[in-house]
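Notes follow the structure.
Chains as they are written, first to last, in this note's numbering: chain A, 17 to 251; chain B, 17 to 251.
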């Protein structure tokens with residue numbers, strides 16, 4: 017039996033999609049090319065902006081995302097991974113339109129928290145304004161026993177939102193310091209770990225910065241890669 | 017007019033394919049997601065080993081590669097990029113079977129040499145045993161005025177081939193030193209620059225190591241990304 021082909025709905029943003037496939041590869045136990053999973057990545061950065069659609073009445077990204085799902089289905093994908101947190105606000109619309117199982121990024125983040133010994137309690141959450149304001153994580157993580165602490169409006173406006181925009185414009189270096197500042201503030205207010213709930217954030221805020229500061233960060237690109245691997249190769 | 021969709025025949029190896037899309041993204045002038053190019057990446061690491069096929073009578077990778085090309089055509093790709101040097105030994109078989117233009121990795125390397133001020137003369141070349149022995153680069157670069165200096169049989173057997181295998185098994189750190197040693201030896205023998213003519217090599221041998229040693233290295237993943245960008249957005 018051939019292993020399932022991993023379907024990746026990417027491009028939101030494009031670097032996060034490419035990095036997701038790299039992380040999936042690096043997380044796979046393999047001694048040679050042929051030990052790795054097959055995957056197909058549809059990278060469409062022209063999908064309308066998710067935050068603008070959710071908060072400001074911008075055009076819906078759903079039709080473009082469903083067109084991408086069709087490409088992945090035709091290519092033979094056996095599941096669907098979306099390396100974009102905000103896009104999961106349309107998860108119901110996507111799962112209603114395909115028979116492919118969606119490996120949900122919030123469930124992946126919960127599994128990553130549990131794997132690091134945090135089974136419940138207060139955790140920090142960073143993400144786009146849409147992800148935070150519409151409660152994507154808060155509701156789904158509450159069911160797992162977590163309470164989410166989010167940045168203040170000022171922290172969002174002055175640090176998190178501009179940093180996410182910088183990553184989308186390829187300025188990774190300029191985005192690291194403001195993101196680290198907010199993560200540190202959330203930890204100071206009682207978060208046992210901070211979930212980087214926008215796939216652009218861990219592109220700028222890498223492990224070494226976090227380790228140096230003693231923070232526990234959950235990288236949702238990595239968490240989704242591990243969840244996909246656990247789905248494709250259980251046990 | 018929508019811009020063309022970049023078709024990427026990847027998985028050979030899977031990290032090189034993912035990294036190619038990341039490099040293409042980082043090389044693109046963009047202020048937001050929607051400024052980036054659309055792409056579809058078929059990542060099939062189960063394609064039979066190219067070196068074994070070329071040198072040891074192993075099964076041909078061509079049928080699996082052509083199946084991937086069909087997926088990319090169906091997805092609407094407007095060109096074909098293959099982030100695997102050795103796979104280009106089957107370039108004629110691929111271009112005969114599709115109307116998609118192939119952005120050839122050796123031409124991309126020649127353009128990268130020229131862009132760095134090396135218009136001809138002796139250059140070093142590292143790659144798989146198949147790429148070197150079957151003259152993939154030597155013939156095509158000779159037409160551009162370059163003479164290729166390759167590693168000795170001992171350097172291939174003791175350093176280059178094992179290092180490429182390490183990258184495919186995700187051991188990037190263990191592959192860097194032997195690769196740097198061979199690149200340095202080629203420069204010592206008169207190579208003005210060294211072309212890293214296997215996409216696994218630049219995954220281990222990154223810019224900083226090279227700069228510290230004063231070598232000029234041509235990264236063929238990056239060169240191919242820039243050639244694709246020049247094709248998609250000329251001028």
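Using N, Cα and C, we set each Cβ at its ideal position, and we do this for glycine too.
At a cut-off of 8 angstroms, the C-beta of residue 106 of chain A has no neighbouring C-beta in chain B. Residue ranges of uninterrupted alpha helix (DSSP H) with 4 or more members, entirely inside the stretch 151 to 232 of chain A and ordered along the chain, are 152 to 158, 177 to 184, 188 to 204, 217 to 220 and 223 to 229.
Along the stretch 35 to 51 of chain B, the positions whose C-beta sits under 7 angstroms from a C-beta of chain A are 35, 37, 38, 41, 42, 46, 47, 48, 49 and 50, read in chain order. For residue 27 of chain A, the three-state secondary structure derived from DSSP is coil. Restricting attention to B:107, B:222, B:234 and B:53, the CA atom closest to the CA of residue 132 of chain B is found in B:234. A distance below 8 angstroms separates the beta carbons of residue 147 of chain B and residue 153 of chain B. Here DSSP, grouped into helix, strand and coil, assigns residue 139 of chain B to strand. Burial is judged here by how many other beta carbons sit within 10 angstroms of a residue's own beta carbon; residue 65 of chain A has at least 16 and is buried. Apart from sequence neighbours up to five positions away, the residues of its chain that approach residue 109 of chain B with a beta-carbon distance below 7 angstroms are 78, ordered along the chain.
When beta bridges are read from the DSSP output, residue 118 of chain A appears opposite A:96. Think of a sphere of 7 angstroms around the beta carbon of residue 55 of chain A: the chain B residues whose beta carbon falls inside it are 59, in chain order. Closest in C-alpha terms to residue 101 of chain B, from the list B:247, B:50 and B:67, comes B:67. With fewer than 16 other Cβ atoms inside 10 Å of its own Cβ, residue 115 of chain A counts as exposed. Bounds of the alpha helix (DSSP H) holding residue 69 of chain A are 66 to 72. Looking at the backbone, the Cα of residue 44 of chain B and that of residue 36 of chain B are separated by about 12 angstroms. Interface flag for residue 90 of chain A against chain B is set, since a Cβ pair is found closer than 8 angstroms. Contacts with chain B (Cβ-Cβ distance below 9 angstroms) from the stretch 176 to 204 of chain A involve 181, 184, 185, 186 and 188, listed in chain order. Taking one beta carbon from each stretch, the stretch 111 to 128 of chain A and the stretch 240 to 249 of chain A have 3 or more pairs nearer than 8 angstroms; the two touch. By the neighbour-count criterion, in which 16 or more other beta carbons inside 10 Å mark a residue as buried, residue 250 of chain A falls on the exposed side.
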